[in-house]
Amino acid sequence: MDDRNNTIAGWALFAGICALGLTIGTGMLGASHAPEKPGFPIEDAEAGGGGGAAAVPLPNLLAAADPAKGEAVFAKCAACHTINQGGANGIGPNLYGTMGEAIGQGKGGFAFSDALKSVGGNWDFEKMDHWLTSPRKFAAGTKMSFAGLSSPEDRANLIVYLNAQGSNLPLPAPEAAPAADAAAPAEGKDGAAPAAEGDKAAAPAEGAAPAPAEAKK
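Okay, structure coming up:
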């Protein structure tokens, strides 16, 4: 009886050892290896050639701009600037009639920074757009602490509002939309017929000529 019990116990121990060995082996085979850099590899968007929408030209933004919306944007400037005719200078100069004026000049003796004075020229639409985008980039060393307006639409609205306050410069003409590239003729339409069997090359249809490219503007 003891021998039988010993035999059963031996087989049970052997089976347990085998099961443990299989568990360890399976775990080793199925173990995952951590990558050198965590996360999933993602294709670089720039490398893929996907570009964002083309920027709208400033003349087109100005043509669609709303002075009333520009007045709302000007609320961000009102702590430092007045814009009424004959208004006093504050932290910044009065802005009535600014469009078209010499940059860094006039304004009732306001003390403009040397950085802004050195820019030269007049406040046209292009320069004002650059200034409102980033005063510090437009005139490095300027005393203007305002960071700028990132929205092209906000800048355009503000510019037409400023222009309406005593300047009234004519807006630049909007640019025409770029013409689409001339598409290749659709198969079977306006194209040369396929070469007949045995012909060396297919001759172009009589009188047919390549479609002229759109005239560049």
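For the sequence shown, counting from 1, position 217 maps to 223 in the numbering used here; every step adds exactly one. The beta carbon of each residue, even a glycine, is placed where N, CA and C say it ideally should be.
Taking the alpha carbon of residue i as the point to measure from, which residue in the options has its own alpha carbon closest?
{"i": "LEU101", "options": "MET134, VAL62, ASP160", "result": "MET134"}
{"i": "ALA224", "options": "LEU177, GLY127, VAL166", "result": "Limits of the chain in this structure are 7 at one end and 223 at the other, which puts residue 224 out of reach."}
{"i": "VAL166", "options": "ALA84, ALA153, PRO65", "result": "PRO65"}
{"i": "ALA74", "options": "LYS82, ALA84, ASN163, GLN171", "result": "ASN163"}
In this structure, does DSSP put residue i in helix, strand or coil?
{"i": "ASN169", "result": "helix"}
{"i": "ASN128", "result": "strand"}
{"i": "PHE144", "result": "helix"}
{"i": "THR88", "result": "coil"}
{"i": "ALA70", "result": "helix"}
{"i": "LYS82", "result": "coil"}
{"i": "ALA61", "result": "coil"}
{"i": "PRO158", "result": "helix"}
{"i": "GLY103", "result": "coil"}
{"i": "GLU181", "result": "coil"}
{"i": "ALA121", "result": "helix"}
{"i": "LEU175", "result": "coil"}
{"i": "MET134", "result": "helix"}
Leaving out the 5 sequence neighbours to the left and right, which residues in its chain are closer than 6 angstroms to residue i when beta-carbon positions are compared?
{"i": "ALA145", "result": "ALA121, LEU122, VAL125"}
{"i": "MET105", "result": "TRP129, LEU168, ASN169, SER173, LEU175"}
{"i": "SER119", "result": "THR148, LYS149"}
{"i": "GLY98", "result": "CYS86, HIS87"}
Alpha carbon to alpha carbon, how far is residue j from residue i? Give it in angstroms, no decimals.
{"i": "ALA70", "j": "GLY76", "result": "12 angstroms"}
{"i": "ALA183", "j": "PHE131", "result": "20 angstroms"}
{"i": "ASN90", "j": "LEU68", "result": "22 angstroms"}
{"i": "PRO180", "j": "ARG142", "result": "28 angstroms"}
{"i": "ALA84", "j": "ALA78", "result": "10 angstroms"}
{"i": "ALA81", "j": "GLN171", "result": "15 angstroms"}
{"i": "GLY93", "j": "ASP72", "result": "24 angstroms"}
Name the one or two DSSP bridge partners that residue i has.
{"i": "ALA108", "result": "ASN128"}
With a threshold of 8 angstroms on Cβ separation, who are the neighbours of residue i within its own chain once the five nearest residues in sequence on each side are excluded?
{"i": "SER156", "result": "THR139"}
Excluding the 5 residues preceding and the 5 following residue i in the sequence, name in chain order all residues of the same chain whose CB lies nearer than 7 angstroms to its CB.
{"i": "TRP137", "result": "PHE144"}
{"i": "ASN95", "result": "LYS113, GLY114, PHE116"}
{"i": "VAL62", "result": "PRO158"}
{"i": "ARG161", "result": "ASP135, LEU138, THR139, LEU155"}
{"i": "GLY110", "result": "PHE118, LEU122, LYS123, VAL125"}
Any beta-carbon of chain D closer than 8 angstroms to the one on residue i?
{"i": "LEU175", "result": "Among the chains in the structure shown there is no chain D, since it carries only a single protein chain."}
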